[in-house]
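Engineer: First the structure, which I've put down as structure tokens, then a few questions once you've had a look.
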Amino acid sequence: MKQIIFACGLLSLLFLSSCNTVEGVGKDVESVGSTIKDTANDSK
Numbered sequence: 447m448k449q450i451i452f453a454c455g456l457l458s459l460l461f462l463s464s465c466n467t468v469e470g471v472g473k474d475v476e477s478v479g480s481t482i483k484d485t486a487n488d489s490k
């Protein structure tokens, strides 16, 4: 029983950390997109 609880806790931590990672990647991609858009607008 202790092993099952430990495994569930570990999987929960891994799941939560991966969500934060995906969110961070999304913010990075959004930032790059904004920079490209601003550069394109400046060169018009």
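For the sequence shown, position 15 matches number 461 in my numbering, and the numbering has no gaps at all. Ideal Cβ placement from N, Cα and C applies to all residues, glycine included.
1) To the nearest angstrom, how far is it from the Cα of T485 to the Cα of Q449?
2) Tell me the rounded alpha-carbon separation between M447 and L457.
3) The alpha helix (DSSP H) spanning K490 covers which residue range?
Structural biologist: The relevant details are as follows:
1) Separation of T485 and Q449 (C-alpha to C-alpha, rounded to the nearest whole angstrom) is 54 Å.
2) Rounded to whole angstroms, M447 to L457 spans 16 Å at the Cα level.
3) No alpha helix (DSSP H) contains K490, which DSSP labels as neither H nor E.
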